[in-house]
Amino acid sequence: QLWLKAHYIEAEKLRGRPLGAVGKYRVRRKFPLPRSIWDGEETSYCFKEKSRSVLREWYAHNPYPSPREKRELAEATGLTTTQVSNWFKNRRQRDRAAEAKERENNENSNSNSHNPLSASMNGNKTVLGSSEDEKTPSGTPDHTSSSPALLLSSNPGLQPLHGLGHPQGPSAIPVPSADPMHHHSLQDSILNPMSSNLVDLGS
1 QLWLKAHYIE AEKLRGRPLG AVGKYRVRRK FPLPRSIWDG EETSYCFKEK SRSVLREWYA
61 HNPYPSPREK RELAEATGLT TTQVSNWFKN RRQRDRAAEA KERENNENSN SNSHNPLSAS
121 MNGNKTVLGS SEDEKTPSGT PDHTSSSPAL LLSSNPGLQP LHGLGHPQGP SAIPVPSADP
181 MHHHSLQDSI LNPMSSNLVD LGS
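Numbering (full-length UniProt numbering), first residue to last: 1 to 203.
What follows is the structure, given as structure tokens:
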């Protein structure tokens, strides 16, 4: 007791106010008793099982007892009203922490249950894409990019491919067909003046 009391007083001087139960507990943890005056056995601060069972039954009925109910519980358990109040407060904190952890675990499990579904869907898409790629050899041309001949044949408004291959010139202009007699007469009308001119030049 002298050891602990000395450290309590020192801690109170540093803080400038009296220590509570939590402050004294921290001092005991920070400055444990030396082996010369302590055999190392931890002091148990647990309530008796009968007292805890009474408090648990009341907690299941009402986690927030009134001051009058706390006094009645203190008389029934042999504890002080402060001990009863602290027990209920600590129990509520533990339950809230357990509920928060359980909620977090449920959210994680739900998110994990959704992620494999999306991952499997993405995997199916990848498999389908790879199967389509495997069906098309690497050396074959892409069917989506049509050649100019196919484009011309598919579009009647465009000119044929052989028409694009030759430059437009006088030889490419189509000549209307004529009968043989008209063709010979046309030649005679052109050649006769030329022959007469040649005769004149020769003379």
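Beta carbons are placed, not taken as given, at the ideal position from N, Cα and C, and that holds for glycine.
Determine the closest residue to residue i out of the options, with distance taken between C-alpha atoms.
i	options	result
P32	K5, L14, E12	K5
P34	S51, Q1, L55, W58	Q1
W3	V27, K13, K70, G20	V27
F47	R15, R29, V84	V84
A60	R91, E72, K50, E49	R91
S51	E72, D95, K101	E72
N86	V22, E57, R103	V22
R29	H7, E49, R17, G16	H7
List the endpoints of the continuous alpha helix (DSSP H) containing residue i.
i	result
G23	21-30
T77	67-77
L2	2-15
Y59	49-61
Here's the rule I'm using: 16 or more other beta-carbon atoms within 10 Å means buried, otherwise exposed. How should residue i be labelled?
i	result
K70	buried
N110	exposed
T77	buried
L79	buried
L14	exposed
I173	Only weak support exists for where I173 lies, its pLDDT of 49 falling under 50; the coordinates are left without a value.
Rounded to the nearest angstrom, how far is the Cβ of residue i from that of residue j, given a contact under 8 Å?
i	j	result
E10	L19	About 10 Å; that fails the 8 Å criterion.
F88	P67	With 8 Å as the limit, F88 and P67 do not qualify as a contact, their Cβ atoms being about 12 Å apart.
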